[in-house]
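A short write-up of the structure that comes next.
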Amino acid sequence: MEALYKRGRCITILVIGRSRVGKSTLINAMFGRDVVEVGHGADLSTTEVHNYVGNFKGVTINIYDTPGFRDTKGRREHDILLDIAKRGQFDLILICTKLEDKNDQYCNFPALASYFHQDMWKRTVVVLTFANHFITLECVKKQPDLEEEIKKTIDSHKDHLMTSLSRSISKEVLEGIPFCLAGLKDKRELPTVDDWLKELWCMCVDHSSEEAREFLTFYARNRGYIETATFFSAVGAGAGIGAAVGSIVPGAGTVVGAAVGAGAGAVVSSFGIIVGRIFK
Numbered sequence: 001m002e003a004l005y006k007r008g009r010c011i012t013i014l015v016i017g018r019s020r021v022g023k024s025t026l027i028n029a030m031f032g033r034d035v036v037e038v039g040h041g042a043d044l045s046t047t048e049v050h051n052y053v054g055n056f057k058g059v060t061i062n063i064y065d066t067p068g069f070r071d072t073k074g075r076r077e078h079d080i081l082l083d084i085a086k087r088g089q090f091d092l093i094l095i096c097t098k099l100e101d102k103n104d105q106y107c108n109f110p111a112l113a114s115y116f117h118q119d120m121w122k123r124t125v126v127v128l129t130f131a132n133h134f135i136t137l138e139c140v141k142k143q144p145d146l147e148e149e150i151k152k153t154i155d156s157h158k159d160h161l162m163t164s165l166s167r168s169i170s171k172e173v174l175e176g177i178p179f180c181l182a183g184l185k186d187k188r189e190l191p192t193v194d195d196w197l198k199e200l201w202c203m204c205v206d207h208s209s210e211e212a213r214e215f216l217t218f219y220a221r222n223r224g225y226i227e228t229a230t231f232f233s234a235v236g237a238g239a240g241i242g243a244a245v246g247s248i249v250p251g252a253g254t255v256v257g258a259a260v261g262a263g264a265g266a267v268v269s270s271f272g273i274i275v276g277r278i279f280k
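What follows is the structure, given as structure tokens:
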């Protein structure tokens with residue numbers, strides 16, 4: 001962690017998912033306070049990427065909350081993916097989808113794979129949200145074994161992911177992507193896990209970049225302290241603000257993984273970071 005501070009290295013987390021899949025609620029649960037205004041996607045443009053920046057022990061954390069491909073109001077999928085790719089290398093990627101939705105959630109993943117290097121998929125965790133709601137569904141409650149029903153649903157999500165990405169990503173990498181449940185912060189016990197938030201953090205630490213792992217481990221262990229501290233503020237500065245990255249060449253698995261650290265890079269200007277609510 002000290003090395004990150006001395007080098008000025010920030011931690012960068014990407015959160016992907018369609019509107020109303022619980023991304024904001026998930027971010028707030030993981031980082032212990034109202035980092036994101038829940039439901040902002042209903043009022044603000046879903047074509048923008050929201051950037052939330054925090055600082056802990058001198059290390060900056062950037063969280064990018066992205067729009068889903070079907071929430072872009074006509075904006076081309078390619079443009080959204082390129083904008084994400086231009087953000088550079090990510091230490092952790094969280095792909096959010098509702099536990100109860102599985103049929104059409106992965107149809108855009110092949111396009112995503114063309115912009116993410118295979119190493120980025122090794123840093124990916126699929127988060128199945130609204131788990132508390134799922135177990136209240138009538139079609140679920142009538143099942144004789146609730147735990148088994150949840151496991152079957154998770155396996156179905158895994159199958160859909162494997163099918164959608166099998167031509168782009170190696171089987172070994174795909175099989176290594178964990179699937180975690182997420183629900184209400186104050187109701188962490190679920191039929192298949194004692195504490196979904198604890199398990200999610202363990203998976204996030206385990207699958208994060210090597211440089212970020214020590215910091216995220218320390219952060220997770222001290223989450224109680226973070227919950228009472230001033231941590232995040234939503235920031236934005238329009239299209240003029242950007243991030244320096246290396247060469248950006250769209251193509252199968254070429255963009256994100258090799259960008260950072262290549263010296264002077266291109267400036268992201270194709271869209272602005274939305275100015276969100278300021279948390280103090």
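For the sequence shown, position 100 (counting from the first letter as 1) is numbered 100 according to UniProt numbering, and the numbering increases by one without interruption. The C-beta atom is built at its ideal place from N, Cα and C for all residues, glycine as well.
Segment limits, beta strand (DSSP E) that includes isoleucine 93: Translated into positions along the sequence shown, residue 93 becomes position 93. That run of the beta strand (DSSP E) goes 92–98.
Unbroken stretches of the alpha helix (DSSP H), 4 residues or longer, contained in the region 147–179: Counting only runs of 4 or more, we get 171–175.
Same chain only: Cβ atoms within 6 Å of glutamate 100, ignoring 5 sequence neighbours per side: Taking the sequence shown and counting its residues from 1, one reaches residue 100 at position 100. Taking C-beta separations shorter than 6 Å and ignoring five residues to either side along the sequence, the partners of glutamate 100 in its chain run Phe134, following chain order.
Touching by the beta-carbon criterion (3+ pairs, under 8 Å), the region 159–172 and the region 113–120: With the cut-off at 8 Å, the region 159–172 and the region 113–120 touch.
Residue span of the alpha helix (DSSP H) that contains lysine 31, given as start and end: If you number the sequence shown from 1, residue 31 lands on position 31. This sequence places phenylalanine at residue 31; lysine is not what is there. Counting along the chain, the alpha helix (DSSP H) containing phenylalanine 31 begins and ends at 23–31.
Closest Cα partner of alanine 220 within the set Ser209, Val205, Val126: Here the question's residue 220 lines up with position 220 in the sequence shown. Nearest option by C-alpha distance: Val205.
Per-residue DSSP class, three states only, for leucine 197: Here residue 197 refers to the residue found at position 197 when the sequence shown is read from its first residue. Helix, per DSSP.
Chain-order list of residues whose beta-carbon lies under 8 Å from that of glutamate 199 (same chain, five-residue window excluded): Here residue 199 is taken as the residue at index 199 of the sequence shown, counted from 1. Within the same chain, Cys180, Leu181, Val193 come within 8 Å of glutamate 199 by CB-CB distance, once the 5 residues on both sides are set aside.
Best match in Ala29, Thr163, Val125, Ile150 for proximity to isoleucine 16 [C-alpha to C-alpha]: One-based indexing of the sequence shown puts residue 16 at position 16. Checked all of Ala29, Thr163, Val125, Ile150; the closest Cα to isoleucine 16 is Val125.
Contact check, serine 209 vs glutamine 89, beta carbons under 9 Å: As a first step, residue 209 must be located in the sequence shown, where it is residue number 209. As a first step, residue 89 must be located in the sequence shown, where it is residue number 89. For the 9 Å CB-CB criterion, serine 209 and glutamine 89 form a contact.
Straight-line Cα distance separating leucine 14 from arginine 123: Taking the first residue of the sequence shown as position 1, residue 123 is located at position 123. Taking the first residue of the sequence shown as position 1, residue 14 is located at position 14. Taken atom to atom, the span from the alpha-carbon of arginine 123 to that of leucine 14 is near 10 Å.
Distance between histidine 50 and alanine 42 (C-alpha atoms, nearest Å): Taking the sequence shown and counting its residues from 1, the one referred to as residue 42 is at position 42. Taking the sequence shown and counting its residues from 1, the one referred to as residue 50 is at position 50. Below a pLDDT of 50, predicted positions are generally treated as unreliable, and alanine 42, at 43, falls in that range; the measurement from the model is reported next regardless. Going from the Cα of alanine 42 to the Cα of histidine 50 covers about 13 Å.
Residue closest to proline 178, alpha-carbon to alpha-carbon, out of Glu189, His157, Thr163: Counting from 1 along the sequence shown, the entry for residue 178 is found at position 178. With distances taken between Cα atoms, proline 178 lies closest to His157.
Identity of the residue in Arg18, Met162, Asn28, Arg9 nearest aspartate 186 by Cα: Within the sequence shown, residue 186 is the residue found at index 186, counting from 1. Taking only the C-alpha atoms, the option nearest aspartate 186 is Asn28.
Counted within 10 angstroms of its Cβ, other Cβ atoms place aspartate 145 as buried (16 or more) or exposed: As a position in the sequence shown, residue 145 is number 145, starting the count at 1. Around the beta carbon of aspartate 145, fewer than 16 other beta carbons sit within 10 angstroms, so the residue counts as exposed.
Nearest-angstrom Cα separation, counted from valine 59 out to leucine 26: For this step, residue 26 is matched to residue 26 along the sequence shown. For this step, residue 59 is matched to residue 59 along the sequence shown. Straight-line measurement puts the Cα of valine 59 at about 21 Å from the Cα of leucine 26.
Whether leucine 82 touches asparagine 132 by CB criterion (9 Å): In the sequence shown, residue 82 corresponds to position 82, counting from 1. In the sequence shown, residue 132 corresponds to position 132, counting from 1. Contact: no.
Residue range of the beta strand (DSSP E) that includes residue 284: There is simply no residue 284 to check, as the chain begins at 1 and stops at 280 in what is shown.
Helix, strand or coil at tyrosine 219 [DSSP, three-state]: One-based indexing of the sequence shown puts residue 219 at position 219. In the structure shown, tyrosine 219 sits in a helix (DSSP, three-state: H, G or I).
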